[in-house]
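So the structure is just underneath, and the comments pick up after that.
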Amino acid sequence: MPSRAILRALSWAKPTDQRSGERMYGRDSSGRTPDALSASALAFLRAMDRNRNRVATESGLTGSELRAIARVAETGSITPKLLAESMEMTTGAVTAISNRLVALQLLVRVAHPHDRRSLLLTLTPAAEQITQKIYDDFEALIAHSVRDVSPEDQARLGAMLSAMALTVGSDADLSLTA
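Structure (structure tokens):
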């Protein structure tokens, strides 16, 4: 059973639409009311999207460019084709993004060591500084958001999030109902 601290950390006031003042996430267009956990997860994802867009804007990048830099940082180096697949974009879109990031001196193209026909995208030191700041800021943001949650509950919350990420990412057939 989750502790009260975890429930407080996961609880949220339903967001209000800035323009209309109406509550958001109450019902979707089909009239379905999401359960509290789904609504909380959606609110968290939206907050993360807003934060990523803020960070991208502060860095002079688009959200897609920031995602591309993060993916290259995660792998160390990656082919444009694999980057496109991991971002669920066309290779043409990734070419445009990588061209801009090369022009901004955030990415470099290097010869692939095992395939003469291919190349790898790698980060420049400037991009490494940006990604380090992003990761540091993210860790500080998460630490601040759970500052009143015990270390034990933080560990449980981390385990729950990891398990949920595995399930969501595993292409589970969610059309089956219990």
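So our numbering is basically just the index in the sequence shown, starting at one, shifted up by 694. Note that CB positions come from ideal geometry on N, CA and C, so glycine has one too.
C-alpha gap between residue i and residue j, whole angstroms
{"i": "N793", "j": "E779", "result": "17 Å"}
{"i": "G786", "j": "L776", "result": "12 Å"}
{"i": "M858", "j": "A764", "result": "22 Å"}
{"i": "V802", "j": "L851", "result": "38 Å"}
{"i": "A834", "j": "V788", "result": "30 Å"}
Nearest candidate by alpha-carbon position, reference residue i, set the options
{"i": "R811", "options": "P845, L736, L755 and T773", "result": "T773"}
{"i": "F832", "options": "T785, R740, V749 and L736", "result": "V749"}
{"i": "R761", "options": "L795, L731, F738 and L736", "result": "L795"}
C-beta contact flag for residue i and residue j at 7 Å
{"i": "T816", "j": "A767", "result": "no"}
{"i": "R744", "j": "G757", "result": "no"}
{"i": "Q799", "j": "T769", "result": "no"}
Endpoints, beta strand (DSSP E) assigned at residue i
{"i": "R746", "result": "Per DSSP, R746 belongs to no beta strand (DSSP E); it is in the alpha helix (DSSP H), A730 to E752."}
{"i": "L851", "result": "From DSSP, L851 is part of no beta strand (DSSP E) but of the alpha helix (DSSP H) over P845 to G863."}
Cβ neighbour criterion (16 or more within 10 Å) applied to residue i
{"i": "L814", "result": "buried"}
{"i": "T861", "result": "exposed"}
{"i": "A820", "result": "exposed"}
The alpha helix (DSSP H) enclosing residue i, as first and last residue numbers
{"i": "V796", "result": "T785 to A797"}
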